[in-house]
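As you go down the protein sequences, you meet chains A and Z in turn. Counting from 122, one number per residue, gives the positions in the first sequence under this note's numbering. Counting from 2, one number per residue, gives the positions in the second sequence under this note's numbering.
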Amino acid sequence: VIAGWRRLQPGELDHERLWMLVGIAATGVLLALRMGASLPPVVCPFKLLTGWPCVGCGTTRAFVALADGAVGTAVRLNPLVTLAAGAWLAWAGYAGIVLLGDFPRLRPALSRGTQRRAAWTVLATVVATWIFLMADGR
Amino acid sequence: MSDAQNFPPPPVPPPLPGPGNGRVPPAWEQPGAALQRFVETARRVLTEPASFYKAMSRQGGLGPPLVFAVVGIVVGSLGSFLTQLMMPFGGFGMAHDAGGFAAALVLVPIISVIGLFIGSGILHVLLMLVAGSKQTYETSFRVLAYTVGSTSPLNIVPFVGGIIGGVWALVVLILGSAEAHEVPQGRAAVAVLLPAVVCCGLGVLFGGALLALIFGAAAAGLAS
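Encoded structure:
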């Protein structure tokens, strides 16, 4: 992995700004839903058809638990989603600093081997979450 | 030995992908009447997906495809609502609940936009990891946005619109990802279908079927 810091080129997509905005918007929608707007309950078609939970089961409840500050409950409901939310928080911290300070951006270059290892890590995390959810009796 | 032989040239940032290789902006991003541009783009995505994405430029900003997708989603949602209202046995509870409908009218575009960005992020990461794509996030976003914007209006078709649109969206997404990212179709299919199979994406496939079942049950209940 070559961790390179560089300035954005003219016209280059500003990922820090984009994902910061998407995260803030998603959090806003979540809070709006939490504060009373009503939507139909989410029915998981995978569970409906197979009786098993999908790897995304518990996502909505985990986000609601996170909004309430109940991290332990969120981990129990869906560890993968909680991990993703934590990763986004770390990203938001980094993005906030480089945006406010107008600093160079982190643009790592991954070798093919690193990409392959990353793919296996992602797959292993997803499978582990799935096994956990099934073992937890969802 | 000269210094030039001892030291490599200084690194330069990677060039931005250009519209080269014969790629051109789709009709939606060209001048003309908005309705005509929308219909022409959607028609090409639905009927000639491979050639559309093979010719689509990979840059041009996120704005135009985002607007296209939101227009398609809103048209599909509103059309679906109206067709539900016209059904002899009525629609789902939400369609008849004015508050729920108003909330959905506001929230659907917002959630769609958030979903588009996150969905294309997941698609992009998978295309990089599974297919070794070297293209930018913008390419994945453009593929997903034009696919969603073109297939969403199919929801207007009663009963089967949802399932046809969902299945065709997956087909278009696979062909589009392969052509725009210039990766093999098999690997593009894995990248597209992996989240669809693993994480509730089966809803795309079976949501329409469930809709038909529910409507069928309601119709049978009224008939008995």
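Backbone N, C-alpha and C define an ideal beta-carbon position, used for all residues, glycine too.
Can you give me the C-alpha to C-alpha distance between residue i and residue j, rounded to a whole angstrom?
| i | j | result |
| --- | --- | --- |
| E180(Z) | W169(Z) | 16 Å |
| A216(A) | F224(A) | 10 Å |
| L36(Z) | V109(Z) | 21 Å |
| F39(Z) | A70(Z) | 10 Å |
| F118(Z) | D257(A) | 31 Å |
| R143(Z) | G187(Z) | 20 Å |
| I252(A) | L128(Z) | 25 Å |
| S134(Z) | E183(Z) | 7 Å |
| A186(A) | M141(A) | 21 Å |
| T140(Z) | L231(A) | 19 Å |
| I111(Z) | P185(Z) | 33 Å |
Can residue i and residue j be called in contact, C-beta distance under 8 Å?
| i | j | result |
| --- | --- | --- |
| T250(A) | P200(A) | yes |
| P154(Z) | G23(Z) | no |
| Y138(Z) | S113(Z) | no |
| A132(Z) | L171(Z) | no |
| A147(A) | I115(Z) | yes |
| T203(A) | A213(A) | no |
| G149(A) | R228(A) | no |
| V46(Z) | V173(Z) | yes |
| L198(A) | A183(A) | yes |
| W209(A) | G132(A) | no |
Tell me which residues share the same chain as residue i and place their Cβ nearer than 6 Å to its Cβ, disregarding the 5 neighbours each side in the sequence.
| i | result |
| --- | --- |
| E41(Z) | A28 |
| V68(Z) | none |
| G162(Z) | L155, N156 |
| V191(Z) | V131 |
| T48(Z) | none |
Excluding five sequence neighbours on each side, which residues of the same chain lie with their C-beta closer than 8 Å to the C-beta of residue i?
| i | result |
| --- | --- |
| P20(Z) | Low local confidence applies: a pLDDT of 47 at P20(Z) is under 50, so the model's placement there is unreliable, and no value is given. |
| V76(Z) | S153, P154, I157 |
| L152(A) | A188 |
| M255(A) | W173, P174 |
Could you give the C-beta distance for residue i and residue j, rounded to a whole number, given that I count them as a contact under 8 Å?
| i | j | result |
| --- | --- | --- |
| R128(A) | C178(A) | That belief does not hold up - the Cβ atoms of R128(A) and C178(A) are roughly 42 Å apart, past 8 Å. |
| L145(Z) | L130(Z) | With a Cβ gap of about 17 Å, L145(Z) and L130(Z) do not count as contacting. |
| L195(Z) | P50(Z) | The Cβ separation is near 20 Å, so there is no contact. |
| P1(Z) | Y147(Z) | Since the displayed chain Z opens at 2 and closes at 225, residue 1(Z) lies outside it and no answer follows. |
| G150(Z) | A43(Z) | 7 Å |
| V318(A) | V176(A) | Nothing can be reported for residue 318(A), as the shown portion of chain A is limited to 122 through 259. |
Could you name the residues of chain Z that residue i contacts, counting a contact when the two beta carbons are closer than 8 Å?
| i | result |
| --- | --- |
| R233(A) | G133 |
| L134(A) | L63, T137, Y138, E139 |
| A146(A) | I111, V114, I115 |
Could you name the residues of chain A that residue i contacts, counting a contact when the two beta carbons are closer than 8 Å?
| i | result |
| --- | --- |
| T140(Z) | Here the premise fails: no neighbours, minimum Cβ distance about 11 Å. |
| F82(Z) | Residues of chain A passing the Cβ test: none, with the nearest at roughly 14 Å. |
For residue i, which residues from the same chain have a beta carbon less than 7 Å from its beta carbon, with the 5 sequence-adjacent residues on both sides left out?
| i | result |
| --- | --- |
| E137(A) | A216, V219, L220, R226 |
| Y54(Z) | V144, L176, G177, E180, A181 |
| T84(Z) | I157, P159 |
Taking residue i as the query, report the chain A residues whose CB atoms sit under 7 Å from its CB, ordered along the chain.
| i | result |
| --- | --- |
| M227(Z) | Any question about residue 227(Z) goes unanswered here, given that chain Z covers just 2 to 225. |
Name the chain Z residues whose beta carbon is nearer than 7 Å to that of residue i?
| i | result |
| --- | --- |
| A240(A) | L130, V131 |
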